[in-house]
Amino acid sequence: MAQTLVGTVRADHLAMDDGRLGCEGNHRRAWNWLRDNATNSSGWSVVLEDDAQPTEGFRDQLDAALAVAPSPVVSLYLGRERPPYAQERIARAVVRAGDSASWIVAPRMWFAVGVAVLSDLVPDLTQYLECDPRKSRPIDEAIGRWAMKHRRPVAYTWPSLVDHADVVPVIGQRADRQSRDRGRRAWLVGGRQRWTTDTVTI
66 MAQTLVGTVR ADHLAMDDGR LGCEGNHRRA WNWLRDNATN SSGWSVVLED DAQPTEGFRD
126 QLDAALAVAP SPVVSLYLGR ERPPYAQERI ARAVVRAGDS ASWIVAPRMW FAVGVAVLSD
186 LVPDLTQYLE CDPRKSRPID EAIGRWAMKH RRPVAYTWPS LVDHADVVPV IGQRADRQSR
246 DRGRRAWLVG GRQRWTTDTV TI
């Protein structure tokens, strides 16, 4: 699955876990690699999980979206079901966004299926992740806490540029002790003819 994704999105690097790092540890390793090797002329660093399902024309859509991103922290996926406590607010934002807004902006990061951060900020992000005393903290929560610390909202692409493969997860129960047995799909996946800075705030 990971090798197929690399070819589909023309990824610069593949961070493979041999089973010793786990989801959070492998995410940290991917961000560390980007810190040390980022050469993308767009100025952004992007991490996709291996079960991300990119929309058609992903790279072109990604470049166009990030060129007008309203925040230096971007999630490429806005999911249903999880987290349950946020779904009512997300649903209201989705209705308000309709076909016009390109972004749904929230104070927190709820998903790490696909994450983009301005490359200039990645060293600070990796330092924060390294110093986090709770290394098992879910990576979306950890990145979200870093963003909140610096008062950076999270901009979710609307529609999502990746979906989440609705398959039995490799890890049935994560660090938050909540199972992942419910469907995990995006509210809407696709691209735009034109990305703008128009936003809806949660």
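Take the position in the sequence shown, starting the count at 1, then add 65; the result is the number in this note's numbering.
A virtual CB, placed ideally from N, CA and C, is assigned to each residue, including glycine.
Of the residues 193, 225 and 97, the one whose Cα lies closest to the Cα of residue 210 is 193.
Just measuring C-alpha positions, the residue of 175, 129 and 135 sitting nearest residue 150 is 175.
If you keep only unbroken alpha helix (DSSP H) runs of at least 4 residues inside the segment 189-232, you get 204-214. Each of 250, 223 and 263 was checked against the Cα of residue 256, and the nearest Cα belongs to 223. For residue 143, the closest C-alpha among the options 178, 185 and 201 is that of 178. Annotated three-state conformation of residue 267 is coil, per DSSP. Residue 87 sits in a helix when the DSSP states are folded into three classes. One thing to note: residue 226 has its Cβ within 8 Å of the Cβ of residue 119. By the CB criterion at 8 Å, residue 219 and residue 110 fall outside the cutoff.
Annotation for residue 183: no alpha helix (DSSP H) segment contains it, though the beta strand (DSSP E) segment containing it runs 179-183.
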